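*Asks:* In the working numbering, the protein residues as written are -19 to 468. Got a structure here, written out as structure tokens. Questions coming.
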Amino acid sequence: MQLRNMMAILLVGLQQAAVAAPADKIPEVHTEEWIAMNASKAETIEWFQDAKFGMFIHWGLYSIPGGIWDGVKIHEERRPHIAEWIQHAFEIPRAEYAELATSFNPIHFDADAIVKLAKAAGMKYLVITAKHHDGFALYDSKVSAFDVMDATPFKRDIIRELHEACRKAGLDFGIYYSHNIDWADGSDGRAAEYKEKGWSIPHPNLHFGANIWDPSPNTFQEYLDEKAYPQVKELMENYPDMKCLWYDMPWRMDAEQSYQFYKIVYDIQPQIIITHRIGNGFGDYSIPGDNKIPENLDEIIKPWETVGTFNNSWGFNGYDQDWKSPQEILFWLIEIVSKGGNYMLNIGPTGLGGVPMESVHNLEAVGAWLDVNGEAVYGTEKWDLTKEGPTTVNMGGTHAREKEGFKFEFTAQDFWFTQKASTLYAISLVPTSGSVTVSSFHTGVGRVKNVELLGYGTVAFQQDKKGLRVKLPRGNNANLGYVLKVSR
Ligand code: GLC
């Protein structure tokens, strides 16, 4: 997206802030300061909006049990049923959980291979969990011994290796850091204090995400001062030139705390853009929800990213075989991009560091499609209309997708749209030959001068007030769908 458009959007966004969805607001304290810091990140925002497709990696000690504890599946325990929440689901005491570190020895981990896979998939950036809710750091942390160097036999700085591999291969890099939830050192995450003071959180369960089964004896403020703030600082100092920082689950963060997390990053790497899950409106970009594609785009005032799981878990789950097919991944990507967002798709390496085969194969297939059709995705913008055709699929979140599965029911009449300057793209996910009509490209959108089937070449067309009729050649390359590039 052009810088000018982006600034315009930010300004309109700021004016609309008062009516925006709560998650997508701007901060009520340090407001002027935030506006200035946020505006100074325009270049990264522009990069982000052009990049469209990224790789998320959830990896940690939880990858060893892979969703099963003492023979019991996480689905039989407390929600949420995602494998990286195993300590919470089974209320595993801190000392017992920490023992997993003694067997964390992921001999199959190969940073270059993961980066190569991301590139082959057509992904432009990679974000990995430097520390998830269990409090374990995947890098060499000087402020906590609960890290890969001190607590495991592996003793390799995973974040450093991936950061380096990305730099070498020209893939952009970011990290996820669980700032609010830390089951090892974050006490009860202020749950008792919230209860006592009668405060609420934006979740039906006041204790949600808090370690109330075996909280650490320090206070939450001590956790922030002695672990979380210093860890974010050392991450900023250790790994330069990052693009984004993924804070998560801010339920009990107050505004000053969110501000601190924003400022620590800004002071060292001012270019980094931060997710709105930092809390209290301090984010530079929005996350509509896990595995959620937004329906109402008016509620979103900031650049946004949908994050998605490959099966139904972020961390490796050894029994979940509900893998997204190349066809489904493309649907997510295209639906999201046509709405102006980014898609960051997660892989969950195993406890030994390997990437599940299905993730590898399906990503490669998507990458092959993007090799031919990527110009309709990268660097594009949302058009006046996101889609035409009879079929719609709503993706309302992780539980919805897990419950309902994915049925591919799109037809040759379904087209998604993107645009780049005066060029329009119509994207179909249905392999077809013969004649197709894109109704929205009628003479009202301007006279079409040329139509190209990407990967093939110019094709014959006719345009009138009912649409653009195109003749597709037989045997075209489109096994997962095709793109029409329309020049006006
Ligand atoms: C949720 C979960 C978490 C996962 C994240 C990804 O907030 O708590 O386990 O990391 O979403 O978006």
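Glycine is no exception: its CB is placed at the ideal position from the N, C-alpha and C atoms. Computed from a prediction, not measured in an experiment: that's the story for all the values here.
1. Only counting the same chain, and skipping five residues up and downstream in sequence, which positions put a Cβ closer than 8 angstroms to that of E236?
2. In terms of residue numbering, what span does the alpha helix (DSSP H) encompassing V373 cover?
3. What does the alpha-carbon distance come out to for the pair I181 and R232?
4. Find the nearest neighbour of L97 within the set A149, K135 and K111, judged by alpha-carbon distance.
5. Taking 8 angstroms as the line, does the beta carbon of H379 fall inside it for any heavy atom of the ligand GLC?
6. Quick one: give me the first and last residue of the alpha helix (DSSP H) that I155 is part of.
7. May I ask you to check if the CB of G189 is nearer than 8 angstroms to at least one heavy atom of the ligand GLC?
8. Of the choices F441, T360, I407 and K223, whose alpha-carbon is the least far from that of T423?
9. In whole angstroms, what separates the C-alpha of N198 from that of D165?
10. Where do the N-terminal and C-terminal ends of the alpha helix (DSSP H) with I309 fall, by residue?
11. Is there at least one non-hydrogen atom of the ligand GLC closer than 8 angstroms to the beta-carbon of I270?
12. I need the straight-line Cα distance from P2 to D278, nearest angstrom please.
13. Distance, Cα to Cα, I139 vs I407?
14. May I ask you to check if the CB of H159 is nearer than 8 angstroms to at least one heavy atom of the ligand GLC?
15. If V450 and L464 are in contact, beta carbons under 8 angstroms, what's the gap, nearest whole angstrom?
16. What does the Cβ neighbour count give for S196, buried or exposed, with the cut at 16 atoms within 10 Å?
17. From this set, I192, E173, V416 and W226, which residue's C-alpha is nearest W163's C-alpha?
18. Can you have a look at G178 and say buried or exposed, based on whether 16 or more other CB atoms are within 10 angstroms of its CB?
19. Is the stretch 314 to 329 touching the stretch 23 to 35 in the sense that three or more CB pairs, one from each, lie closer than 8 angstroms?
20. Using 9 angstroms as the threshold, is the C-beta distance between A172 and I94 below it?
21. Quick one: is the Cβ of I54 within less than 8 angstroms of any heavy atom of the ligand GLC?
22. Closest to A63 by C-alpha separation, out of N430, V340, N292 and H183, would be which residue?
23. Thinking C-alpha only, which one of L343, P7, V466 and P60 is nearest L313?
24. Report yes if the C-beta distance between W294 and S266 is below 9 angstroms; otherwise report no.
25. Looking only at its own chain, which residues have a Cβ that is under 6 angstroms from the Cβ of P45, when we skip the five neighbours before and after it?
26. By the 10 Å Cβ neighbour count, where 16 or more other Cβ atoms means buried, how is N185 classified, buried or exposed?
27. Please list the terminal residues of the continuous beta strand (DSSP E) segment that includes S467.
28. Quick check: A356 and Y405, are their CB atoms within less than 9 angstroms of each other?
29. Looking at C-alpha atoms only, which residue of P274, D247 and Y242 is the closest neighbour of N260?
30. Which two residues bound the contiguous beta strand (DSSP E) that contains V107?
31. Does the separation of the CB atoms of Y42 and H143 fall below 9 angstroms?
*Replies:* Reading from the atomic positions:
1. V9
2. It is not in any alpha helix (DSSP H) - V373 carries neither H nor E in the DSSP assignment.
3. 7 angstroms
4. A149
5. no
6. Per DSSP, I155 belongs to no alpha helix (DSSP H); it is in the beta strand (DSSP E), D152 to Y157.
7. yes
8. F441
9. Cα atoms of N198 and D165: separation of roughly 8 angstroms, rounded to the nearest angstrom.
10. P306 to S318
11. One point to set straight first is that residue 270 is Asp, not Ile, in the sequence displayed. Yes, the ligand GLC has a heavy atom inside 8 angstroms of this Cβ.
12. The pLDDT assigned to P2 is 49, lower than 50, so where the model puts this residue is not dependable; a value taken from the coordinates is nonetheless given after this. The alpha-carbon atoms of P2 and D278 are separated by roughly 13 angstroms.
13. Near 37 angstroms, if we compare the C-alpha coordinates of I407 and I139.
14. no
15. 6 angstroms
16. buried
17. Per the Cα distances, I192.
18. By the C-beta density criterion, G178 is exposed, having fewer than 16 other C-beta atoms within 10 angstroms.
19. yes
20. No, the pair does not count as a contact, with Cβ atoms beyond the cut-off.
21. no
22. If we check each option's Cα against that of A63, N292 comes out closest.
23. Taking L313 as reference, the option from L343, P7, V466 and P60 with the minimal CA-CA separation is L343.
24. no
25. I66
26. It counts as exposed.
27. Y462 to S467
28. With contacts defined by Cβ atoms closer than 9 angstroms, A356 and Y405 form a contacting pair.
29. Y242
30. Y105 to K111
31. no
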